[in-house]
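**Q** Mind looking over this structure? Questions follow.
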Amino acid sequence: MTGTSPGTVYLVGAGPGDPELLTLKAARLLGAADVVLHDDLVPPAILGHAASAIVINVGKRCGRKNISQEQIDAMMVDYARRGLSVVRLKSGDPLVFGRAGEEMDALRAAGIPFEVVPGITAAFAAAAALRRPLTDRRTASSISFSSGHHAPGSSLEPASLAGATRVVYMPGRDLSSTAAQLRREGLPADLPCVVVSRAAQPDQQIVRTTLAQLDGIAPLPAPSILLAGEAMREAQADALAELTDFALHQAEEQPYPSAL
Ligand code: SAH
356 MTGTSPGTVY LVGAGPGDPE LLTLKAARLL GAADVVLHDD LVPPAILGHA ASAIVINVGK
416 RCGRKNISQE QIDAMMVDYA RRGLSVVRLK SGDPLVFGRA GEEMDALRAA GIPFEVVPGI
476 TAAFAAAAAL RRPLTDRRTA SSISFSSGHH APGSSLEPAS LAGATRVVYM PGRDLSSTAA
536 QLRREGLPAD LPCVVVSRAA QPDQQIVRTT LAQLDGIAPL PAPSILLAGE AMREAQADAL
596 AELTDFALHQ AEEQPYPSAL
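Rendered as structure tokens:
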């Protein structure tokens, strides 16, 4: 090891699961990596970019059930100290509910160079699946990303979020505690709520409901994400569809110049 300068660790977002939603940079780094340490939610088609790397699942579900965060940190540091190029591949964006803060602290403490490569977070994939805007100047002027799972000691009190689109990651299988939390915040019973299961994947499912009925929906395949807010209201979607039809009709009547 003496004389070997450490390799770089890349904290890379794999996006929501559709291989086409991987960034070109992520694909290039995977292709050049010596070691890939990935989470459970990253599909094989994306791992396929890592043609010449040792690929290790460090996910806690189907991978290594007992692997601790400290062990993952130690693996990244150890491989980098051997001069290897390490990709730490996380679903979605690496800086959203991905424990990247702890991993970057460990890399800083060990003096390992690292870089972060953003990815498409689940909230964006879910909104795209729904064809609903996360912000809308008529109904939603802010977005809140929160987690249905709270680390011990973390605050359960959100800021006042009237007029926000609420996106809840890890909303829980039965949604009842997430629903209760949103009700405690004083959000209205008829607030549109949508659960998107496996967004941007071939078996994606969408269930639309209201806050009052959120805890009554049947569990959906993991991973799933909850979007709640006026911007998710369906009637508006219908109105927008009409507008789109109108715009298309207008375009037909006034075609672009043929040179285009
Ligand atoms: N870093 C990831 C989030 C990791 S936390 C990101 O930016 O997306 C894991 C949670 O993300 C899951 O419990 C689920 O709530 C959400 N999630 C990840 N991928 C998803 C997908 N394809 N569809 C729906 N939710 C997803």
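Quick note on my numbering: the sequence shown kicks off at 356 and runs consecutively.
The beta carbon of each residue, even a glycine, is placed where N, CA and C say it ideally should be.
The model shown is predicted, which means the values in this text are computed figures rather than measured ones.
Look at Val-367 and Ala-381 and say whether their C-beta atoms are less than 7 Å apart.
**A** yes
**Q** When you compare each of Ala-408, Leu-396 and Asp-448 to Lys-415 by their alpha carbons, which one comes out closest?
**A** Leu-396
**Q** Report yes if the C-beta distance between Ser-501 and Ala-519 is below 7 Å; otherwise report no.
**A** no
**Q** With hydrogens ignored, establish whether the beta-carbon of Gly-447 is closer than 6 Å to any heavy atom of ligand 1.
**A** yes
**Q** Which residue spans inside the region 452 to 482 form an unbroken alpha helix (DSSP H) run of at least 4?
**A** 455 to 465
**Q** Around the Cβ of Gly-438, are there at least 16 other Cβ atoms within 10 angstroms (buried) or fewer (exposed)?
**A** exposed
**Q** Report the partner residues of Arg-436 according to the DSSP bridge assignment.
**A** In the DSSP output, where bridge partners are listed per residue, Arg-436 has none listed.
**Q** Any heavy atom of ligand 2 inside 6 Å of the beta-carbon of Ala-465?
**A** This structure lacks ligand 2; the ligands present are ligand 1.
**Q** On the DSSP bridge assignment, give the partners of Thr-520 in chain order.
**A** Ile-498
**Q** Can you tell me whether Arg-588 is helix, strand or coil according to DSSP?
**A** coil
**Q** Cutting at 8 Å between CB atoms, please list the residues of its own chain near Gly-466, excluding the five before and the five after it.
**A** Pro-361
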